[in-house]
Amino acid sequence: MNIDLHAQVALVTGASRGIGAAIAKVLGSSGAHVIVNYRQHQVGAHEVAESVIASGGSAEILGFDVTDEQVVGSCIHDIVQRHGKIDILVNNAGISKDALLLRLKPETLGEMLDVNLKGAFFCAFHAARSMIKQRRGRIVTISSIVGLGGNAGQSAYSATKAGLIGMTKSFAKELAPRGVLVNAVAPGLIDTEMTRSLDQDALRKAIPLSRIGSPEDVAGVVLFLCSELSSYITGQVLVVDGGLYV
Ligand code: NAP
Numbered sequence: 024m025n026i027d028l029h030a031q032v033a034l035v036t037g038a039s040r041g042i043g044a045a046i047a048k049v050l051g052s053s054g055a056h057v058i059v060n061y062r063q064h065q066v067g068a069h070e071v072a073e074s075v076i077a078s079g080g081s082a083e084i085l086g087f088d089v090t091d092e093q094v095v096g097s098c099i100h101d102i103v104q105r106h107g108k109i110d111i112l113v114n115n116a117g118i119s120k121d122a123l124l125l126r127l128k129p130e131t132l133g134e135m136l137d138v139n140l141k142g143a144f145f146c147a148f149h150a151a152r153s154m155i156k157q158r159r160g161r162i163v164t165i166s167s168i169v170g171l172g173g174n175a176g177q178s179a180y181s182a183t184k185a186g187l188i189g190m191t192k193s194f195a196k197e198l199a200p201r202g203v204l205v206n207a208v209a210p211g212l213i214d215t216e217m218t219r220s221l222d223q224d225a226l227r228k229a230i231p232l233s234r235i236g237s238p239e240d241v242a243g244v245v246l247f248l249c250s251e252l253s254s255y256i257t258g259q260v261l262v263v264d265g266g267l268y269v
């Protein structure tokens, strides 16, 4: 079965680089009209949209900060006005600021809660309105294996990523009767700007598949969750980590 997302409108948050960029490209090359969200990195978002268009797809860029609920609401309203609907939301925007518990600043915790958890909540809240109306939609949220298993030095980040799993499971139960499927993906160590400062050689040794993941490894699973191939899956967390967390 081929994956065909033609005539579907997809919003990918934080798609100016890394995992979000790979997700936007794979959804675009499968036929969806992709809205490439960014916060600061407009040039990167533009390159992602250009790459979708160059591969025969359709894309646009849309800058907004997921932490601003009113702006999120008006941007999603504008998407629905212009395209008539929103079929797919990928909550990918995220930040990570590591600190051991006793060195964690309250403002760092607040910042991560705002972007990673509340930002995803705001986007889902506003996109769900259109999905419920058309009784069809997919919401995929990028969590992390540290949201499942925790990690020293990442208590705040892990809390936000665990929160996303609770959000996903609750939305899935609430929205299933309306035809909206809601799932999460939990990547392990993926090669992006977020992880480049880590000692990747040491970490690679702990991964059973002996390699760091690529953004495309995650994007393929998101595509599956946005496609008809996963039409009986909701409320799940798919781990994409080369066997690191078992
Ligand atoms: P990244 O390379 O640092 O990219 C982060 C993206 O999020 C950028 O496009 C950035 O946009 C956007 N962003 C940040 N704050 C935003 C905000 N307030 N509003 C809108 N966009 C915002 O990170 P990544 O590694 O690709 O991570 C993507 C997602 O996967 C995150 O949720 C992360 O927690 C999760 N994840 C990553 C890994 C990993 O190993 N890399 C593992 C597990 C989970 P601008 O650049 O335009 O500001």
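Be aware that the sequence shown starts at 24, since it is given in our numbering, and climbs by one per residue. In this text, a Cβ means the ideal position worked out from N, Cα and C, and glycines have one as well.
Just reading off the alpha helix (DSSP H) that residue i is part of, what are its end residues?
{"i": "Thr183", "result": "Ser178 to Leu198"}
{"i": "Thr131", "result": "Pro129 to Met135"}
{"i": "His69", "result": "Gln65 to Ala77"}
{"i": "Glu239", "result": "Pro238 to Cys249"}
{"i": "Gly43", "result": "Gly41 to Ser52"}
{"i": "Ala143", "result": "Gly142 to Gln157"}
{"i": "Val169", "result": "Val169 to Gly172"}
Under the criterion of a Cβ to heavy atom distance below 6 Å, does residue i qualify as lining the ligand NAP?
{"i": "Tyr12", "result": "Lying before the first or after the last residue shown, residue 12 is absent from the chain, which here runs from 24 to 269."}
{"i": "Thr164", "result": "no"}
{"i": "Ile34", "result": "Reading off the sequence, residue 34 comes out as Leu, not Ile. Flag unset: Cβ of Leu34 not near the ligand NAP."}
{"i": "Arg40", "result": "yes"}
{"i": "Gly117", "result": "yes"}
{"i": "Glu15", "result": "There is simply no residue 15 to check, as the chain begins at 24 and stops at 269 in what is shown."}
{"i": "Ser97", "result": "no"}
{"i": "Asp222", "result": "no"}
{"i": "Pro210", "result": "yes"}
{"i": "Ser167", "result": "yes"}
{"i": "Val138", "result": "yes"}
{"i": "Ile213", "result": "yes"}
{"i": "Asp88", "result": "yes"}
{"i": "Gly176", "result": "no"}
{"i": "His64", "result": "yes"}
Assuming residue i contacts residue j (C-beta within less than 8 Å), just tell me the rounded distance between them.
{"i": "Leu198", "j": "Ala122", "result": "The Cβ separation is near 35 Å, so there is no contact."}
{"i": "Gly80", "j": "Gly51", "result": "4 Å"}
{"i": "Gly26", "j": "Leu246", "result": "The sequence shown places Ile at residue 26, not Gly. Contact flag correct, Cβ pair sits at about 6 Å."}
What residue does the beta strand (DSSP E) around residue i start on, and which one ends it?
{"i": "His106", "result": "Taken as a continuous stretch (DSSP letters only), His106 belongs to no beta strand (DSSP E), being part of the alpha helix (DSSP H) at Glu92 to His106."}
{"i": "Ile118", "result": "That residue, Ile118, is in no beta strand (DSSP E); it is neither H nor E in DSSP."}
{"i": "Ala225", "result": "Looking at the DSSP string, Ala225 is not in any beta strand (DSSP E); the run it does join, the alpha helix (DSSP H), is Gln223 to Lys228."}
{"i": "Pro231", "result": "Careful: Pro231 lies outside any beta strand (DSSP E) and carries neither H nor E."}
Can you confirm whether the region 180-193 touches the region 130-150 when touching is taken to mean that 3 or more C-beta pairs between the two stretches lie within less than 8 Å?
yes
Under 8 Å: do the region 54-70 and the region 250-265 share three or more Cβ pairs, one atom per stretch?
no
Stretch-stretch touch, CB-based, cutoff 8 Å, three pairs: the region 152-170 with the region 108-120:
yes
Looking at C-beta atoms only, is the number of pairs between the region 217-225 and the region 167-181 that lie closer than 8 Å three or more?
no
Three-pair Cβ contact test at 8 Å for the region 97-110 versus the region 232-240
no
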